[in-house]
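Those sequence lines, one after another, are chains B and P.
The opening position of the first sequence corresponds to residue 1 in the numbering used here, with each subsequent residue numbered one higher.
The opening position of the second sequence corresponds to residue 1001 in the numbering used here, with each subsequent residue numbered one higher.
Idealized CB from N, CA, C, for every residue including glycine.
Keep in mind the model is a prediction, meaning the values are calculated, not measured.
2 protein chains.
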Amino acid sequence: MQFSKSTDYALHALVHLGHSERCNNVGIKELSSALGVSESYLSKIMSKLRQDGIVRAVPGVNGGYELARPADQISFLDVIQVIEGRQQLFECSNSSSRQHRLLAEEGAAGRDQKRPGKNECLVEKVMNGAEQHLHQYLQEHTIQSVLDEAFKRCSHEVNKK
Amino acid sequence: MQFSKSTDYALHALVHLGHSERCNNVGIKELSSALGVSESYLSKIMSKLRQDGIVRAVPGVNGGYELARPADQISFLDVIQVIEGRQQLFECSNSSSRQHRLLAEEGAAGRDQKRPGKNECLVEKVMNGAEQHLHQYLQEHTIQSVLDEAFKRCSHEVNKK
DNA sequence: TTATTATGGATACTATAGGTCCATATTAAT
DNA sequence: ATTAATATGGACCTATAGTATCCATAATAA
Ligand code: SF4
Ligand code: SF4
């Protein structure tokens, strides 16, 4: 259970883009050398980010990438979901087992015909809760918030002189 | 980014053990058929749980597994960490890149010789925060809490009669 | 028109998850 | 002591996902 390296790369690439915002587009070469990742691999990742509307890309001379929206509207969650997919953290595999009947159906069978089998399972309930918490946190942290913190450090440095 | 099936199995097995607590040990056969998982595979998982002190095991006739401590002292986090390992959610891979210097070192180099390179990286900071939140939530939910909820449902059912 | 850049398909390698089988060790019951 | 039942651990296999490279093609600005 770990985030993939691709997510790592994507986040760093976006931070880089956010940092060079006012300049021209940033080409894959610059990104690649800044992050220390091969151009071929990184370009796949950037492609994904573009397909999901996180960045814009323009080919041709002086082309490259730029953020498709302000950095404070690109959350960590957005990036993670693009790269890792939107599958949920916990997916029940054996919902036809005897176990299942105890935890999800018993007590619901006769009581509520309104919700047909939609009675939430107790294990899933905990896990989905965990996922929600995680998502909320990741939603609240954006590329901009990283940039801001970096700037704060930088200005500390200046003040000290 | 998903929890493995093994974690799923482990959680269900523990719930089963918790449910049959006062009875004798529960053998792998019963567990296996209750969960709908092969004995061979499930036994590997149970072995891991034993090595980490979550369950006790006794071989021989009428042997089997039982919880090594009360169900309210076995958190989801405990189980997950046994099965998935204790690696952190986000592990930085390219800490020698140019990027890194911007985000983790700049502003720290001259300022603080006390903490040698221990200046926390800003991307990691967010991710570690996320992990902490997740862990806290998972720590607060135990096998017992699932059992309790199941019991609540059950008694509703009884009251209705 | 051309040089430059992104895109997407094909391919390969690797690591991990998921799963099986069997030989061995351990224990309780007889 | 013997035996039957049970857990354990090693060896092995397969499928899938992550990581990565290469190349042919498309799109764009100069
Ligand atoms: S009890 Fe929940 S997690 Fe378990 S099998 Fe049923 S739906 Fe899945
Ligand atoms: S900035 Fe943080 S996440 Fe990025 S390379 Fe440095 S330590 Fe790793």
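I'd like the list of long-range same chain contacts for residue i, defined as Cβ closer than 6 Å, with 5 residues on each side in sequence excluded.
i          : result
GLY27(B)   : GLY64
HIS141(B)  : PHE76
LEU1014(P) : ILE1143
ASP1052(P) : VAL1082
ASN1138(P) : As written in the sequence, residue 1138(P) is Leu, which differs from the Asn given in the question. The answer, listed in chain order, is PHE1076 and LEU1077.
ALA57(B)   : ARG50 and TYR65
GLU1039(P) : ILE1028 and SER1032
GLN1087(P) : none
Is residue i near ligand 2, judged by its Cβ being under 7 Å from some heavy atom?
i          : result
ASN62(B)   : no
LEU1103(P) : yes
VAL1123(P) : yes
ASN94(B)   : no
SER1097(P) : yes
How about residue i: is its Cβ closer than 7 Å to a heavy atom in ligand 1?
i          : result
HIS1100(P) : no
VAL1079(P) : no
VAL126(B)  : no
HIS1188(P) : Residue 1188(P) cannot be examined here, being either before or after the span of chain P that is shown, 1001 to 1161.
SER4(B)    : no
HIS1012(P) : yes
Report buried or exposed for residue i, applying the criterion of at least 16 other Cβ atoms within 10 angstroms of its Cβ.
i          : result
PHE1151(P) : exposed
VAL1079(P) : buried
ARG98(B)   : exposed
ARG153(B)  : buried
VAL1037(P) : buried
LYS114(B)  : Note that LYS114(B) has pLDDT 44, beneath the 50 cutoff, so the model's placement of it is unreliable and the number below is only indicative. LYS114(B) comes out exposed.
Going along the chain, which residues of its own chain have a beta-carbon closer than 7 Å to the beta-carbon of residue i, five neighbours each way excluded?
i          : result
LYS1048(P) : VAL1082 and ILE1083
ALA1071(P) : GLY1018, THR1142, ILE1143, GLN1144 and LEU1147
SER1020(P) : VAL1026
MET127(B)  : LEU89 and PHE90
CYS92(B)   : CYS121 and GLU124
ALA1109(P) : With a pLDDT of 49 at ALA1109(P), under the threshold of 50, the predicted position of this residue should be treated as unreliable, and no value is reported.
HIS1135(P) : LEU1077
What are the start and end residues of the alpha helix (DSSP H) that includes residue i?
i          : result
ALA1057(P) : Where ALA1057(P) is concerned, there is no enclosing alpha helix (DSSP H), although the beta strand (DSSP E) it sits in stretches over 1055 to 1058.
GLY18(B)   : 5 to 19
LEU49(B)   : 39 to 51
HIS1135(P) : 1122 to 1140
GLU84(B)   : 76 to 84
Skipping 5 residues on each side, what residues in its chain have a beta carbon closer than 8 Å to that of residue i?
i          : result
LEU42(B)   : TYR9, ALA13, ILE28, LEU31, SER32 and LEU35
THR1007(P) : VAL1079, ILE1080, ILE1083 and GLU1084
LEU1103(P) : CYS1121, LEU1122 and VAL1123
HIS133(B)  : none
What are the boundary residues of the beta strand (DSSP E) that residue i is part of?
i          : result
LEU1035(P) : Element bounds for LEU1035(P): not the beta strand (DSSP E) but the alpha helix (DSSP H), 1028 to 1035.
LEU1067(P) : 1064 to 1067
Taking the alpha carbon of residue i as the reference point, which residue from the options has its own alpha carbon closest?
i          : options                                           : result
VAL165(B)  : HIS135(B), ILE45(B) and LEU67(B)                  : Examination of residue 165(B) is not possible in this model, given that chain B is present from 1 through 161 alone.
LEU122(B)  : GLN1099(P), VAL1146(P), VAL1079(P) and SER1095(P) : VAL1146(P)
PHE1090(P) : GLU1021(P), SER1096(P), GLU1131(P) and VAL1037(P) : GLU1131(P)
ARG69(B)   : ASN62(B), GLN87(B) and ARG22(B)                   : ARG22(B)
SER4(B)    : SER1006(P), GLU1120(P) and MET1001(P)             : MET1001(P)
GLU1124(P) : GLU1149(P), SER1095(P), HIS1135(P) and GLN1136(P) : SER1095(P)
ILE1045(P) : ASN1024(P), GLY1085(P) and CYS1092(P)             : GLY1085(P)
HIS16(B)   : HIS1100(P), GLY1129(P) and GLU1149(P)             : HIS1100(P)
LEU11(B)   : ILE74(B), LEU102(B) and GLU120(B)                 : ILE74(B)
VAL1059(P) : SER1093(P), GLN1087(P), ASN1024(P) and CYS1092(P) : A quick correction: the sequence has Pro, not Val, at residue 1059(P). The shortest Cα separation from PRO1059(P) among SER1093(P), GLN1087(P), ASN1024(P) and CYS1092(P) belongs to ASN1024(P).
Any heavy atom of ligand 3 closer than 7 Å to the Cβ of residue i?
i          : result
GLU1131(P) : Ligand 3 is not part of this structure, which contains only ligand 1 and ligand 2.
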